[in-house]
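Protein chains in written order, with this note's numbering: chain A, 26 to 220; chain B, 1444 to 1565.
Virtual Cβ for every residue (Gly too), placed ideally from N, Cα, C.
These notes concern the structure reproduced below.
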Amino acid sequence: YSFFPGKPRWPKRKRDLTYAFAPQNNLTDEVKRVFSRAFTRWAEVTPLNFTRSESILRADIVIGFFSGEHGDGEPFDGAMGTLAHASSPPTGMLHLDGDEDWLISNGEISRRILPVTTVVDLESVAVHEIGHLLGLGHSSVEDAIMFPAISGGDRKVELAKDDIEGIQHLYGGNPNGDGGGSKPSRESQSTGGDS
Amino acid sequence: KFYTNVSSIPPLQFLNATQNAWETFSKLAGCHIGENINGLSKLKQYFRRFGYITTTGNCTDDFDDVLQSAINTYQKNFNLKVTGKLDSSTLRQIVKPRCGNPDLIDGVSEMNGGKILRTTEK
């Protein structure tokens, strides 16, 4: 695992973070639930909680889909290529490429859901980008969520040991959890979000 | 566009699976230092975008020391055999879709180097 230079993280007084979706995207509840699941994966292994806000002005994190140039100096490049990017703490911007074809998988964990395709699993990318929002850089461990690349049709949503060690270096473990060694069922967790 | 299940994906998405802005890099296989090949400037822009090249100015089509150094670091970060060459396994990795955040910031990479340091500390 790695960190951004200077190891930025959300301050100690900010353990309950809120997120909102760019209203112009008009995302369905189904899409929003994907992000809720993605936030939950990080909440399970940290003291952080994530709650959805309807106001992008009050939210710590704003999520949006954009195409091409979208004002942050990092234009998207159309289908495939770069899929998304996110800022380091405490900026809280998560941008996804609106020109991608995104797949919403309903909770399956399978490593490869499709043969080679240009459709990208949204939850896999969301979990990765949230790692950046919390302060993690890229990892060389191929099984880690924070590995920089993913093939179309691949699904990787479970935090690896490397991801958990990295994020717990920044925030410590979940005081109500087991530190991520063996994960309790997600349904029994209370981690905020809108699910 | 969002697909809510696998069966809703049209067959065209499978046929177009290799179409990607970076797929043209595949034709650079086998290039080596000292050569001038059309397309290497685009590859240098790719490496600059992800932090592997920090020099400013126009990218040329020369396979120079700067590009070789970028390839070396990239191969190390992606657990590839460090050859400094555009071999097929390196190019297969380069063309994969990826996160837009750079791997190196200010020319510093902890992707693999950091792991070695932490192991030593333990």
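Rounded to the nearest angstrom, how far is the Cβ of residue i from that of residue j, given a contact under 8 Å?
i, j, result
"D146(A)", "I170(A)", "With a Cβ gap of about 12 Å, D146(A) and I170(A) do not count as contacting."
"Y1489(B)", "D126(A)", "Between D126(A) and Y1489(B) the Cβ distance is about 22 Å, and since that is not below 8 Å, they are no contact."
"M118(A)", "S112(A)", "4 Å"
"G162(A)", "F28(A)", "5 Å"
"T107(A)", "D124(A)", "About 10 Å; that fails the 8 Å criterion."
"F90(A)", "N50(A)", "5 Å"
"T1498(B)", "V1509(B)", "6 Å"
Between the beta-carbon of residue i and the beta-carbon of residue j, is there less than 9 Å?
i, j, result
"N194(A)", "C1542(B)", "Reading the sequence as shown, one finds His at residue 194(A) and not Asn. No."
"K1485(B)", "A1513(B)", "no"
"W21(A)", "G156(A)", "In the structure displayed, chain A extends from 26 to 220; residue 21(A) sits before or after that span and is not available."
"V182(A)", "V152(A)", "yes"
"F1468(B)", "V1525(B)", "no"
"S130(A)", "V1449(B)", "yes"
"H1475(B)", "F1521(B)", "no"
"T1503(B)", "L1471(B)", "no"
"R38(A)", "K57(A)", "no"
"R34(A)", "L159(A)", "yes"
"N1515(B)", "G1527(B)", "yes"
"L1547(B)", "Q1536(B)", "no"
"N1616(B)", "S165(A)", "A question about residue 1616(B) goes unanswered here, because the residues of chain B that appear run from 1444 up to 1565."
"T142(A)", "I1452(B)", "yes"
"E31(A)", "A1464(B)", "Per the sequence shown, the amino acid found at residue 31(A) is Gly instead of Glu. Not a contact, by the Cβ cut-off of 9 Å."
"E69(A)", "G202(A)", "yes"
"P115(A)", "P200(A)", "no"
"Y26(A)", "E154(A)", "no"
Using the beta-carbon of each residue, which ones in chain A are nearer than 9 Å to residue i?
i, result
"Y1446(B)", "D126, W127, L128, I129 and V144"
Residue i touches chain A at which residues, Cβ-Cβ below 8 Å?
i, result
"K1567(B)", "Beyond the ends of chain B as shown, which are 1444 and 1565, falls residue 1567(B); an answer cannot be given."
"I1452(B)", "D126, L128, L139, T142 and V144"
"Q1536(B)", "A174"
How would you list, in chain order, the residues of chain B whose beta-carbon sits under 7 Å from the beta-carbon of residue i?
i, result
"D102(A)", "A1464"
"A30(A)", "Checking the sequence, you will find Pro at residue 30(A) rather than Ala. I1548, D1549 and V1551, listed in chain order."
"E167(A)", "N1522"
At a CB-CB cut-off below 7 Å, which residues of chain E make contact with residue i?
i, result
"A109(A)", "Absence of chain E from the displayed structure is noted, the protein chains being A and B."
Open item on the list: Under 9 Å, CB to CB, which of the residues in the region 149-162 of chain A have a partner in chain B?
Closed with: V150, H153, E154, H157 and G162
Task: Touching by the beta-carbon criterion (3+ pairs, under 8 Å), the region 1536-1556 of chain B and the region 1491-1509 of chain B - done: yes
- [ ] Check distances from the C-beta atoms of the region 1497-1522 of chain B to those of chain A and list, in chain order, the residues that come in under 9 Å.
- [x] K1519, N1520, F1521 and N1522
TODO: State whether the region 97-108 of chain A contacts the region 1522-1537 of chain B, with contact taken as three or more CB pairs (one from each stretch) at a distance under 8 Å.
DONE: Remark: fewer than three beta-carbon pairs, one from each stretch, lie closer than 8 Å, so the region 97-108 of chain A and the region 1522-1537 of chain B are not flagged as touching.
- [ ] Please name the residues in the region 1541-1556 of chain B whose beta-carbon is closer than 7 Å to at least one beta-carbon of chain A, in chain order.
- [x] From the region 1541-1556 of chain B, only R1541, C1542, G1543, N1544, D1546, I1548, D1549, V1551, E1553, M1554 and N1555 have a Cβ closer than 7 Å to chain A.
Open item on the list: Counting only Cβ-Cβ distances shorter than 7 Å, please list the residues of the region 46-64 of chain A near chain B, keeping chain order.
Closed with: E55 and V56
Open item on the list: Three or more C-beta pairs under 8 Å: does that hold for the region 69-80 of chain A against the region 35-44 of chain A?
Closed with: Taking a cut-off of 8 Å for Cβ pairs, the region 69-80 of chain A and the region 35-44 of chain A touch, as three or more such pairs fall below it.
Open item on the list: Using a Cβ distance threshold of 8 Å, determine whether the region 171-185 of chain A contacts the region 74-94 of chain A, with at least three qualifying pairs required.
Closed with: no
Open item on the list: What are the residues in the region 75-107 of chain A lying within 9 Å of chain B by C-beta distance?
Closed with: E99, F101, D102, G103, A104, M105, G106 and T107
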